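Novice: From first to last, the protein sequence lines are chains A and B. If you're matching positions, the first sequence starts at 1 in the UniProt record's numbering and goes up one per residue. If you're matching positions, the second sequence starts at 1 in the UniProt record's numbering and goes up one per residue. Every residue gets a Cβ at the ideal spot worked out from N, C-alpha and C, and that includes glycine. These numbers were taken from a predicted model, which means no experiment stands behind them.
2 protein chains.
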Amino acid sequence: MPAPRIAKIDQSKLRENVYYALRDAFTRGEFAPGDIVSLRILSDQLGTSMTPVREAVRRLVAEGALIDTPSRTLMVPPFDSNRMQDLKKARLALESLVLEQAMDRISADKIDEMEAILAAEPRGGDTTPDLQQNYDFHFALYRQSGSEVLLPLVEALWLQYGAYLNLIIHHQDAGKIDQHKHHNEIIHALRQGDRAAAQRALAADIERSFQVIASDGGQRVSR
Amino acid sequence: MPAPRIAKIDQSKLRENVYYALRDAFTRGEFAPGDIVSLRILSDQLGTSMTPVREAVRRLVAEGALIDTPSRTLMVPPFDSNRMQDLKKARLALESLVLEQAMDRISADKIDEMEAILAAEPRGGDTTPDLQQNYDFHFALYRQSGSEVLLPLVEALWLQYGAYLNLIIHHQDAGKIDQHKHHNEIIHALRQGDRAAAQRALAADIERSFQVIASDGGQRVSR
DNA sequence: TCGCCGTTATCTGTGATATTTGATCGTAGG
DNA sequence: CCTACGATCAAATATCACAGATAACGGCGA
């Protein structure tokens, strides 16, 4: 089994922290589709006992980021082209809806904040896309929808999508990805209040996210 | 604390069973918004130890059916009008999408099966709406979408909606609810392949679901 | 006598650990 | 080469120990 890099966590509010540590590891693409994860190894790496890890893992299973195999071992869902298409459809539909609600309420200040996120220094070097920035940008927007129901659903989709990030990061064309173009279009459309343009730009951005791995599936790249 | 009726469960595959037992209790409207639930009491009722209950409960929290209060006690989310509106919007959007995909693939056989569900004997007596039938009908349809991504999201919405079922069941107008009309319209539209009509009927059915409790909120009715 | 406040006892979830169960993998024997 | 047995490992449950919160109870003051 590969050993994803997960930093040890501090000992207060263990359960929450374990969950977010694992969640972060997912959104950073530390886990590759098909990876087997073990509660013991995770708890050793995190410096805690199995109990908090198990609860966090159970939550991740509920959210679809991990699956229970029939033999009870935990696995990152293997690459599945159909499922990925499904995921893309779901993202397009849900995030379109959330964007709609966000545009009803967003203020000029918040648009400025979103632009500030784009202006920040890239954290991952120039060769890999800045996943954290991408995440921050989208959710700064989505949070403006004010929907406590839809937002967790979108987060669940991103978490499932997270396993595919590993494939993207290690893909040979990773450096070519240009997320800035669509992001700037979204900002511009928000300023204009142009709903159709914002929807188009967001849809294009989501399509882009899947484009790199759409053709060649299942190239498992562990650390 | 009220004592929701939860049957003891058999001892194999405990974790799954505990989860589904609690889930069922939710969809039967056994829990009222604002109820406090205790791990120990639940595990006593189910005849197991706390551990499996804890994991099941943790999953329900992740799905929004229960919430953690700041003092760490578990609570059924209290009635919240805004949240309910939010939930309705989400259900309308997501179930519309799922219906769309289901209509691409559904066969005449499956439509017959759905009709058979409607023809079955009502289980709850004539005064209360048959919640199980309603659930079975909708998900027989949604399963035809074949979407492993969207279906769990819809289930999560129904679970959050479940807490409000308690309010509906004990509502004075509960007997007046006529779910058959919209269901038959859906069946008819499916047979005709009339997408617009199916969408209209489904939307009307969802609206109906919320109508009873839309006006008077928070009438807490425990057992 | 009534009301307020502090103390205490109980009940809560949380984290850790031990025990049991089940599955997998390697090896030895046919 | 295939099969079957056993050792090993991981997950599932139960039990234990701890810390925090809640609520009830009793004493004190008005």
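Is there at least one Cβ from chain B nearer than 8 angstroms to Val149 (chain A)'s Cβ?
Specialist: Yes, its Cβ sits closer than 8 angstroms to a Cβ of chain B.
Novice: Check whether chain B comes within 8 angstroms of Gln192 (chain A), counting only Cβ atoms and requiring the distance to be less than that.
Specialist: no
Novice: Can you give me the C-alpha to C-alpha distance between Ile111 (chain A) and Ala102 (chain A), rounded to a whole angstrom?
Specialist: 11 angstroms
Novice: Identify whether Val53 (chain A) lies in helix, strand or coil by the three-state DSSP scheme.
Specialist: helix
Novice: Using the rule of at least 16 other Cβ atoms within 10 Å of the residue's Cβ for burial, across every protein chain shown, is Asn82 (chain B) buried or exposed?
Specialist: In the assembly as shown, Asn82 (chain B) is an exposed residue. Its beta-carbon has fewer than 16 other beta-carbons within 10 Å.
Novice: Label Gly47 (chain A) either buried or exposed according to how many other C-beta atoms from any shown protein chain fall within 10 Å of its C-beta, with 16 as the threshold for buried.
Specialist: With fewer than 16 other Cβ atoms within 10 Å, it is exposed.
Novice: Would you say Asp86 (chain A) lies against chain B (beta-carbon separation less than 8 angstroms)?
Specialist: Taking 8 angstroms as the threshold, the shortest C-beta distance from Asp86 (chain A) to chain B falls below it.
Novice: What span of residues does the alpha helix (DSSP H) with Leu150 (chain B) cover, start to end?
Specialist: Leu150 (chain B) -> alpha helix (DSSP H) spans 150 to 169.
Novice: So that I know if they touch, is there some Cβ in chain B lying closer than 8 angstroms to that of Glu207 (chain A)?
Specialist: no
Novice: Considering Asp112 (chain A), what are the terminal residues of the alpha helix (DSSP H) in which it resides?
Specialist: 108 to 119
Novice: In angstroms with no decimal places, state the Cα-to-Cα distance between Gln144 (chain B) and His188 (chain A).
Specialist: Approximately 40 angstroms between the Cα atoms of the pair.
Novice: Report yes or no: do the region 54 to 70 of chain A and the region 19 to 26 of chain A share at least 3 C-beta pairs separated by less than 8 angstroms?
Specialist: yes
Novice: Within the UniProt domain "HTH gntR-type" (12 to 79) of chain B, note down every full alpha helix (DSSP H) run reaching 4 residues or more, in order along the chain.
Specialist: 14 to 27, 39 to 46, 50 to 62
Novice: Give me the Cα-Cα distance between Ala90 (chain A) and Leu157 (chain A), rounded to the nearest whole angstrom.
Specialist: Their Cα atoms are separated by approximately 8 angstroms.
Novice: Quick one: which chain A residues come within Cβ less than 8 angstroms of Gly47 (chain B)?
Specialist: Ordered by position in chain A, no residue passes the 8 angstroms Cβ test against Gly47 (chain B), which lies about 21 angstroms from the chain.
Novice: Work out the CA separation of Arg191 (chain B) and Ile106 (chain B) for me, nearest whole Å.
Specialist: Taking the Cα positions, Ile106 (chain B) is about 10 angstroms away from Arg191 (chain B).
Novice: DSSP state of Ser96 (chain A), grouped into three classes?
Specialist: helix
Novice: Give the interface partners of Arg72 (chain A) over in chain B, defined as CB-CB distance under 7 angstroms, in chain order.
Specialist: Those do not exist, as Arg72 (chain A) stays about 10 angstroms from chain B at its closest Cβ, beyond 7 angstroms.
Novice: Can you tell me whether Ile206 (chain B) is buried or exposed? The criterion is at least 16 other CB atoms within 10 Å of its CB, across all chains shown.
Specialist: buried
Novice: Excluding the five sequence neighbours on either side, which residues of its own chain have a C-beta within less than 8 angstroms of the C-beta of His182 (chain A), listed in chain order?
Specialist: Ala201, Leu202, Ala204, Asp205, Arg208
Novice: Can you give me the Cβ contacts of Ala140 (chain A) inside the same chain, cut-off strictly under 8 angstroms, excluding the 5 residues immediately before and after it?
Specialist: Spatial neighbours of Ala140 (chain A) in its own chain (CB-CB distance under 8 angstroms, excluding positions within 5 residues in sequence) are listed in chain order as Lys110, Glu113, Met114, Ile117.
Novice: Measuring alpha carbon to alpha carbon, tell me which residue in A:Ala65, A:Pro129, A:Leu151 is nearest Ile36 (chain A).
Specialist: Answer by Cα proximity: A:Ala65.
Novice: How many Å lie between Leu151 (chain B) and Leu97 (chain B) at the Cα?
Specialist: 11 angstroms
Novice: DSSP state of Lys8 (chain B), grouped into three classes?
Specialist: In this structure, Lys8 (chain B) counts as coil in the three-state DSSP scheme.
Novice: Using beta-carbon positions only, say whether Gly29 (chain A) and Asn166 (chain A) come within less than 8 angstroms of one another.
Specialist: yes
Novice: Nearest chain B C-beta to Arg83 (chain A) closer than 8 angstroms, yes or no?
Specialist: yes
Novice: At a Cβ threshold of 8 angstroms, is Arg40 (chain A) touching chain B?
Specialist: no
Novice: Which residues in chain B sit within 8 angstroms of Glu55 (chain A), going by Cβ to Cβ distance?
Specialist: Arg54, Glu55, Arg58
Novice: Could you tell me the alpha carbon to alpha carbon distance between Asp24 (chain B) and Glu155 (chain A), rounded to whole angstroms?
Specialist: 25 angstroms
Novice: Return the CA-CA distance between Gln211 (chain B) and Ser49 (chain B), expressed in angstroms with no decimal places.
Specialist: 40 angstroms
Novice: Go through its chain and collect everything with a Cβ distance to Leu94 (chain A)'s Cβ below 8 angstroms, but skip five positions before and after it.
Specialist: Leu150, Leu153, Val154, Leu157
Novice: Quick one: what's got a C-beta closer than 8 angstroms to Tyr161 (chain A)'s C-beta in the same chain, skipping five residues either side?
Specialist: Cβ within range, chain order: Leu87, Arg91, Ser209.
Novice: Note down the Cα distance separating Arg59 (chain A) from Ile67 (chain A), rounded to an integer number of angstroms.
Specialist: 11 angstroms
Novice: Throw me the rounded Cβ distance for the Val76 (chain A) and Ala32 (chain A) pair, which I believe falls under 8 angstroms.
Specialist: About 7 angstroms separates the two Cβ atoms, so the contact holds.
Novice: Can you tell me whether Asp86 (chain B) is helix, strand or coil according to DSSP?
Specialist: Correct three-state label for Asp86 (chain B): helix.
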